[in-house]
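Going left to right, the sequence shown walks through residues 94 to 292 as the numbering used here numbers them.
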Amino acid sequence: MTPIKLERGSTLVLATHNAGKLAEFAKLLADFGIKVISAGELNLPEPEETATTFAGNAAIKALAAAKAANLPALADDSGLCVAALDGAPGIYSARWAGPNKDFASAMARIEDGIGQGKRNAWFMCVLCLALPDGRTESFEGRIDGQIVWPPRGTQGHGYDPIFAPEGETRTFAEMADAEKNAISHRARAFEAFKNACLS
């Protein structure tokens with residue numbers, strides 16, 4: 094199968110209603126002459142994420158947006174996996190924070206669950222590029238590290254205050270955005286996507 098290529102001047106739908114994520118990807122793709130619009134801007138419905146893997150959920154979102162907009166679409170699914178919790182919260186990372194996005198209680202739930210267990214954890218990101226004809230390609234990024242307690246730092250979002258990547262004493266939330274974005278799971282998935290699909 095030949096990889097899907099996005100040419101300069103293409104329009105790409107980012108399958109998200111999150112303005113922060115749109116800004117991040119628009120910046121990353123500007124260098125390649127790709128115009129990015131979000132599913133939110135197009136008022137596309139958010140599909141139900143019913144898969145049991147990051148790759149499955151990314152594909153559901155990318156295919157729904159590609160077919161609805163009749164344009165190539167990119168979706169990401171990501172989350173924090175904790176070894177002592179058998180990989181949880183994993184694909185349920187956002188859901189653990191509940192409808193009010195209460196990550197403080199989600200982080201406390203992780204700490205309570207680990208107890209005296211091993212503190213190894215990793216962030217995973219899968220990017221899926223889909224075409225309206227149903228073709229998809231997926232790209233994975235992972236960064237390993239440790240859960241720290243109590244939470245530290247005010248940058249970033251989600252579980253960043255309790256995750257220190259390997260070789261670092263600081264958490265993601267104690268790093269400047271540019272520093273975190275250079276090594277993050279999303280950066281690694283984007284690098285793989287860029288090498289395969291962008292000219």
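Ideal placement from N, C-alpha and C gives every residue a C-beta, glycine not left out.
Problem - Residues of its chain near Ile276, where Cβ-Cβ distance is below 8 Å and the 5 sequence neighbours each way are ignored - result: Ile236 and Pro258
Practice task
Identify, in the order they occur along the chain, each residue of the same chain with its Cβ nearer than 6 Å to the Cβ of Ala285, setting aside the five sequence neighbours on each side.
Solution key: Phe232
Handout entry: Same chain, Cβ closer than 6 Å to Ala161, five either side skipped, listed in chain order
Key = Leu137
Handout entry: Start and end residues, alpha helix (DSSP H) containing Ser198
Key = Phe196 to Ile207
Practice task
From the DSSP output, read off the bridge partner residues of Ala190.
Solution key: Bridge partners of Ala190: none, in fact.
Exercise for the section: May I ask which residues mark the beginning and end of the alpha helix (DSSP H) holding Leu115? Expected result: Ala112 to Ala123
Exercise for the section: Kindly list the residues whose CB is nearer than 6 Å to the CB of Ser65, restricted to its own chain and excluding five residues on each side of it in sequence; keep chain order. Expected result: This structure cannot settle anything about residue 65, because the visible part of the chain is limited to 94 through 292.
Handout entry: Given Ala299 as reference, the closest of Leu164, Asp170, Leu105 and Ala112 once Cα atoms are compared
Key = Within the shown structure, residues of the chain are numbered from 94 to 292, placing residue 299 beyond reach of any answer.
Practice task
Could you check the C-alpha separation between Ala157 and Thr247 for me, to the nearest Å?
Solution key: 34 Å
Problem - Ala190 burial status per 10 Å Cβ neighbour count (16 or more: buried) - result: buried
Handout entry: the stretch 219 to 231 in contact with the stretch 258 to 269 per 3-pair CB rule at 8 Å
Key = no
Exercise for the section: Ignore the nearest five residues each way along the sequence and tell me which others in Leu164's own chain have a CB closer than 6 Å to its CB. Expected result: Thr104 and Val106
Practice task
Could you please give the first and the last residue of the uninterrupted alpha helix (DSSP H) stretch that includes Gly149?
Solution key: Phe147 to Ala162
Practice task
Go through its chain and collect everything with a Cβ distance to Gln239's Cβ below 7 Å, but skip five positions before and after it.
Solution key: Arg212, Asn213, Ala214 and Ala257
Problem - Bounding residues of the beta strand (DSSP E) (the contiguous stretch that carries Ala181) - result: Premise fails: Ala181 is in no beta strand (DSSP E) and is neither H nor E.
Problem - For Gly149 and Ile207, the rounded distance between their alpha carbons - result: 27 Å
Practice task
Can you tell me which of Asn274, Lys120, Cys221 and Leu291 puts its alpha carbon nearest to the alpha carbon of Thr146?
Solution key: Cys221
Exercise for the section: Could you round the C-beta distance between Ala168 and Ala187 to whole angstroms and report it? I think they count as a contact, below 8 Å. Expected result: With 8 Å as the limit, Ala168 and Ala187 do not qualify as a contact, their Cβ atoms being about 14 Å apart.
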